[in-house]
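Engineer:
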Amino acid sequence: MTFLRVVFDCCRAAKPATILASLVVTTMPAFADDAVPIPDFFGATAMNMPFDAPAVPVNASGKVDYAKEQEQLAIYAWQEFIAANWPSSFTSSAPTRGEPDPSKTAVDFAQPSNDGQLVWQTFAHRAEIYPEIDATTQTYPTYPKTFDTVPEYVYSSAGAVPACGAYDSSTKTWATDASNPLSGVSLFNNLDETSQIDLATLFVDGDPADPTVGDAGSQPLSMGLSKQPRRFIYEAKANRAVFDFVNENQFYDQTERLKAQIATYIAVRDNDQGGLSVCPTPDETSGQQIICFPPATSDTVGAMFVKATWRQLTLDEYNSGRYLTAPIVRYRNPDPNSTTDTFCHETIAAEPTATTLPYGLTGLHIIHKTTNYPTFVFATFEQADNLSAPSGSYNNLFYYNRHEQAPIDPNRQNVTSRAHPIPDDVNDITSQVHLQLRQLLAANGLSDSVWLYYNLVGVQGTPVYPEDTIDTDYFLANITTETNEVLRSFSGTLDASNGTIDPNVPNLSQGASHFVMGGCKGCHGNAQVGPAPADGTAQPDPDTLIASDFSFITQNAPFKGVPDAINQPLIASE
7 MTFLRVVFDC CRAAKPATIL ASLVVTTMPA FADDAVPIPD FFGATAMNMP FDAPAVPVNA
67 SGKVDYAKEQ EQLAIYAWQE FIAANWPSSF TSSAPTRGEP DPSKTAVDFA QPSNDGQLVW
127 QTFAHRAEIY PEIDATTQTY PTYPKTFDTV PEYVYSSAGA VPACGAYDSS TKTWATDASN
187 PLSGVSLFNN LDETSQIDLA TLFVDGDPAD PTVGDAGSQP LSMGLSKQPR RFIYEAKANR
247 AVFDFVNENQ FYDQTERLKA QIATYIAVRD NDQGGLSVCP TPDETSGQQI ICFPPATSDT
307 VGAMFVKATW RQLTLDEYNS GRYLTAPIVR YRNPDPNSTT DTFCHETIAA EPTATTLPYG
367 LTGLHIIHKT TNYPTFVFAT FEQADNLSAP SGSYNNLFYY NRHEQAPIDP NRQNVTSRAH
427 PIPDDVNDIT SQVHLQLRQL LAANGLSDSV WLYYNLVGVQ GTPVYPEDTI DTDYFLANIT
487 TETNEVLRSF SGTLDASNGT IDPNVPNLSQ GASHFVMGGC KGCHGNAQVG PAPADGTAQP
547 DPDTLIASDF SFITQNAPFK GVPDAINQPL IASE
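Below, the structure is given as structure tokens:
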């Protein structure tokens, strides 16, 4: 197997004497520098989510063998992807979420239903884990409860969230239907984010054959297309281990969660208790439980988060069979010109109708905390046509930065290539998975599977400094989820209000070791430790100490106010 090794020479920072330059694993046995065996990806255990990731491989010098680690983790990531996309056992009469249906086979995996009930889709949505308190009753309307319930999405400031009705072309507004509230929607794919963490909005061209309304109300007229561009929209979810941890500790309660986040900030920054394979006990943090999600062990799955990226398809794209589709719920501001935020919901079927085209999955992050990788394994997958699609498919990528004050171009930015290529060894593992999948199909008289058109982009494991790494996934990013200049080459800390980064600030801790990490892991590192003190020494106001073990779902909770609208303005200040 061929390995591509690239030394990144960017974002170099002078390392303070108190910061360790790299993590040296000394407790693991050395591995021979040979190829990692390729498993049977579609064997009898394929439906089972893998537990702990393989041990961190080290070479004869006691240093991390990054090439071998990347190969091991690429295999692990594909095992996660297959288990996560296995048909779920959920039924309305037996609403068990996040578990595979043991009656299904690898052939069923290869030919998935588009009912929106694959294993990861039945995870708990962020608004289910951390609902906003009901302003009238002063209670959390969905708690206490168990993980195994039908979906329920509560946005208290948005009221009952009526359904969107007919479009009025003269006023460019939508009617609303209060008789069909969001509380009656039980779809698993709740797409309530319409920007890339408020930094950029990503589109593909408008489809002239789209049967839906063409004027989205707030899009720039300069786009000049016969139908409005199609915006990528997102959802974030977590598994049973995360839900149970939040539920058992009552961290859905904002007061309880804030106390734990402040304790977490102190534990990580002052007591070297961040990114540990065994979570500190409450006694070690002055009696206060900290935010430390349970890691996977040799016999438990541990905490997992997923983030999915979707966009509306053309009829040709749907008919190609190259995209996973599912029924989704999205949101719209029925009067984009109003100074008051009002919202309605729309449900879009998984198949074309007379008035709508379905949404297809274009990207999937899988984030898994394990004992061997307590700073999480970060893996990301993409649909194969994001950058290279048949002519006339109307899927040219472009984005707008949402912050006018950011030192980056605010105009339309076309995306024609990746900022960082997919590593060769990652592509090698993907080829092995696709080969085994084709063999499975052929053995069962089948010729195609939607999963042949999804690829692993990369995977991150051991945290490192940019100048010390030969890890070709240092700047790991999904082209449909982290697209703009800041996100696609992320390192250091983020100023979300201005859409900028400081690439030289340590952003991740593992015990007493601190790193300037890049890509997905570096970005989420900002959610591990919380915001840096303003002057580098003094702690900021306690309300800003929101360390949360790599989870932006937790850091940004509760999801009060309103969901993001599909016709949200391009510029954040609008």
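Start counting the sequence shown at 7; every next residue gets the next number (this note's numbering).
We put the CB at the ideal spot given by N, CA and C, even for glycine.
Everything numeric in this text was worked out from a predicted model, so none of it was measured.
For Asn91, which residues in the same chain have their Cβ closer than 6 Å to its Cβ, ignoring the five residues on either side in sequence?
Structural biologist: Position 85 of the sequence shown, counting from 1, holds the residue named residue 91. Cβ neighbours of Asn91 beyond the five flanking positions: Leu124.
Engineer: Thinking C-alpha only, which one of Leu452, Phe194, Lys313 is nearest Glu241?
Structural biologist: Counting from 1 along the sequence shown, the entry for residue 241 is found at position 235. Of Leu452, Phe194, Lys313, the residue nearest in Cα terms is Lys313.
Engineer: Check the DSSP bridge columns for Leu370 and list the partner residues they point to.
Structural biologist: Here residue 370 refers to the residue found at position 364 of the sequence shown. Answer is Ala314, Phe387.
Engineer: Could you give the residue range of the alpha helix (DSSP H) that holds Asp501?
Structural biologist: Stepping through the sequence shown from its first residue, residue 501 is reached at position 495. Where Asp501 is concerned, there is no enclosing alpha helix (DSSP H), although the beta strand (DSSP E) it sits in stretches over 499-501.
Engineer: May I ask whether a heavy atom of the ligand FAD can be found less than 7 Å away from the beta carbon of Gly68?
Structural biologist: Summarising the ligand content, the structure contains no ligands, and the ligand FAD is consequently not present.
Engineer: Pull up the distance between the alpha-carbon of Ile81 and that of Arg132, whole angstroms please.
Structural biologist: To locate residue 81, count along the sequence shown from 1; it is residue 75. To locate residue 132, count along the sequence shown from 1; it is residue 126. Cα to Cα, Ile81 sits roughly 28 Å from Arg132.
Engineer: Decide if Ser304 is buried, meaning its Cβ has at least 16 other Cβ atoms within 10 Å, or exposed.
Structural biologist: By one-based count along the sequence shown, residue 304 stands at place 298. Exposed.
Engineer: Could you check what DSSP says for Ser189 in three-state terms: helix, strand or coil?
Structural biologist: The sequence position of residue 189 within the sequence shown is 183, counting from 1. It is helical.
Engineer: Is there contact between the region 492-511 and the region 450-462, where contact requires at least three CB pairs shorter than 8 Å?
Structural biologist: no
Engineer: Is the beta carbon of Leu403 closer than 8 Å to that of Gly366?
Structural biologist: Here residue 366 refers to the residue found at position 360 when the sequence shown is read from its first residue. Here residue 403 refers to the residue found at position 397 when the sequence shown is read from its first residue. No, they are not a contact pair.
Engineer: Nearest to Ile354 by alpha carbon, out of Val191, Gly505, Ile428?
Structural biologist: As a working mapping, residue 354 is identified with position 348 in the sequence shown. Looking at the Cα atoms, Val191 is the closest of the given residues.
Engineer: Give me the DSSP bridge partner(s) of Trp180.
Structural biologist: Working through the sequence shown from its first residue, we reach residue 180 at position 174. Partner(s): Tyr173.
Engineer: Considering Gly464, what are the terminal residues of the beta strand (DSSP E) in which it resides?
Structural biologist: Stepping through the sequence shown from its first residue, residue 464 is reached at position 458. Note, Gly464: beta strand (DSSP E), 460-466.
Engineer: Under the rule that 16 or more other beta-carbon atoms within 10 Å means buried, what is Asn417, buried or exposed?
Structural biologist: For the purposes of this step, residue 417 is identified with residue 411 of the sequence shown, where counting begins at 1. Asn417 should be labelled exposed.
Engineer: Could you give the C-beta distance for Thr468 and Glu75, rounded to a whole number, given that I count them as a contact under 8 Å?
Structural biologist: Here the question's residue 468 lines up with position 462 in the sequence shown. Here the question's residue 75 lines up with position 69 in the sequence shown. At roughly 6 Å, the Cβ-Cβ gap stays under 8 Å, so Thr468 and Glu75 are in contact.
Engineer: Nearest to Tyr136 by alpha carbon, out of Asn255, Phe349, Lys110, Lys69?
Structural biologist: Here residue 136 refers to the residue found at position 130 when the sequence shown is read from its first residue. The shortest C-alpha separation from Tyr136 is found at Asn255.
Engineer: Need the endpoints of the beta strand (DSSP E) that Phe521 sits in, please.
Structural biologist: Taking the first residue of the sequence shown as 1, we reach residue 521 at position 515. Counting along the chain, the beta strand (DSSP E) containing Phe521 begins and ends at 519-521.
Engineer: Rounded to the nearest angstrom, what separates Phe521 and Val511 at their Cα positions?
Structural biologist: Walking along the sequence shown from the start, residue 521 turns up at place 515. Walking along the sequence shown from the start, residue 511 turns up at place 505. Rounded to the nearest angstrom, the two C-alpha atoms are 8 Å apart.
Engineer: Under three-state DSSP, which class holds Ala244?
Structural biologist: Looking up residue 244 in the sequence shown gives position 238. Ala244 falls in the strand class under three-state DSSP.
Engineer: Alpha carbon to alpha carbon, what distance is there between Ile334 and Ser99?
Structural biologist: As a working mapping, residue 99 is identified with position 93 in the sequence shown. As a working mapping, residue 334 is identified with position 328 in the sequence shown. Computed Cα separation, rounded: 21 Å.
Engineer: Do you know whose CA, among Cys529, Tyr337, Gln318, lies nearest Gly171's CA?
Structural biologist: Position 165 of the sequence shown, counted from the first residue, corresponds to residue 171. Here the closest residue by C-alpha is Tyr337.
Engineer: What residue range does the alpha helix (DSSP H) around Gln419 cover?
Structural biologist: Within the sequence shown, the letter at position 413 stands for residue 419. Counting along the chain, Gln419 falls outside any alpha helix (DSSP H), though it belongs to the beta strand (DSSP E) covering 419-421.
Engineer: Can you round the beta-carbon distance between Thr148 and Glu134 to whole angstroms, since I take them to be within the 8 Å contact cut?
Structural biologist: Position 142 of the sequence shown, counted from the first residue, corresponds to residue 148. Position 128 of the sequence shown, counted from the first residue, corresponds to residue 134. The pair is a contact, with the Cβ atoms about 6 Å apart (cut-off 8 Å).
Engineer: Quickly, what does DSSP pair Phe257 with across the bridge? List them, please.
Structural biologist: For the purposes of this step, residue 257 is identified with residue 251 of the sequence shown, where counting begins at 1. Partner(s): none; Phe257 has no beta bridge.
Engineer: Just how far apart, CA to CA, sit Thr315 and Leu79?
Structural biologist: By 1-based counting over the sequence shown, the position of residue 315 is 309. By 1-based counting over the sequence shown, the position of residue 79 is 73. Just so you know, the alpha carbons of Thr315 and Leu79 end up roughly 22 Å apart.
Engineer: Can you tell me the Cα-Cα spacing of Asp140 and His440, whole angstroms?
Structural biologist: Taking the sequence shown and counting its residues from 1, one reaches residue 140 at position 134. Taking the sequence shown and counting its residues from 1, one reaches residue 440 at position 434. Going by the C-alpha atoms only, they are around 48 Å apart.
Engineer: Can Asp211 and Asn401 be called in contact, C-beta distance under 8 Å?
Structural biologist: Translated into positions along the sequence shown, residue 211 becomes position 205. Translated into positions along the sequence shown, residue 401 becomes position 395. Result yes, Cβ atoms of Asp211 and Asn401 sit closer than 8 Å.
Engineer: Is Tyr324 helix, strand or coil when you go by DSSP?
Structural biologist: Position 318 of the sequence shown, counting from 1, holds the residue named residue 324. It is helical.
Engineer: Leaving out the 5 sequence neighbours to the left and right, which residues in its chain are closer than 6 Å to Arg444 when beta-carbon positions are compared?
Structural biologist: Numbered from its first residue, the sequence shown carries residue 444 at position 438. Taken in chain order, the list of residues that qualify is empty.
Engineer: Distance check for Pro235 and Gln574, CA to CA, integer angstroms please.
Structural biologist: Position 568 of the sequence shown, counted from the start, is the residue given in the question as residue 574. Position 229 of the sequence shown, counted from the start, is the residue given in the question as residue 235. The straight-line gap from Cα to Cα measures roughly 13 Å.
Engineer: At which residues does the beta strand (DSSP E) containing Val511 begin and terminate?
Structural biologist: Within the sequence shown, numbered from 1, the residue matching residue 511 stands at position 505. Element bounds for Val511: n/a, residue is neither H nor E.
Engineer: Hey, would you say Ile427 sits closer than 8 Å to Asp198, going by beta carbons?
Structural biologist: Locating residue 427 in the sequence shown gives position 421, where the first residue counts as 1. Locating residue 198 in the sequence shown gives position 192, where the first residue counts as 1. The sequence given here places Pro at residue 427; Ile does not occur at that position. No.
Engineer: If you run the structure through DSSP and keep just helix, strand and coil, what is Pro288?
Structural biologist: Residue numbering aside, residue 288 sits at position 282 when the sequence shown is read from its first letter. Reduced to three states, the DSSP call for Pro288 is helix.
Engineer: Could you tell me the alpha carbon to alpha carbon distance between Leu205 and Val62, rounded to whole angstroms?
Structural biologist: Counting from one through the sequence shown, the residue named residue 205 turns up at place 199. Counting from one through the sequence shown, the residue named residue 62 turns up at place 56. Distance between the alpha carbons of Leu205 and Val62: 34 Å.
Engineer: Alpha carbons only, please: which of Val167, Ser394, Leu321 is nearest the one belonging to Pro214?
Structural biologist: Taking the sequence shown and counting its residues from 1, one reaches residue 214 at position 208. When each option's Cα is compared against that of Pro214, the closest is Leu321.
Engineer: Mapping the DSSP letters down to three states, classify Asp39 as helix, strand or coil.
Structural biologist: For the purposes of this step, residue 39 is taken as the residue at position 33 of the sequence shown. Per-residue confidence for Asp39 stands at a pLDDT of 46, beneath the threshold of 50, marking its modelled position as unreliable; the derived number appears in the next sentence. If DSSP states are grouped into helix, strand and coil, Asp39 belongs with coil.
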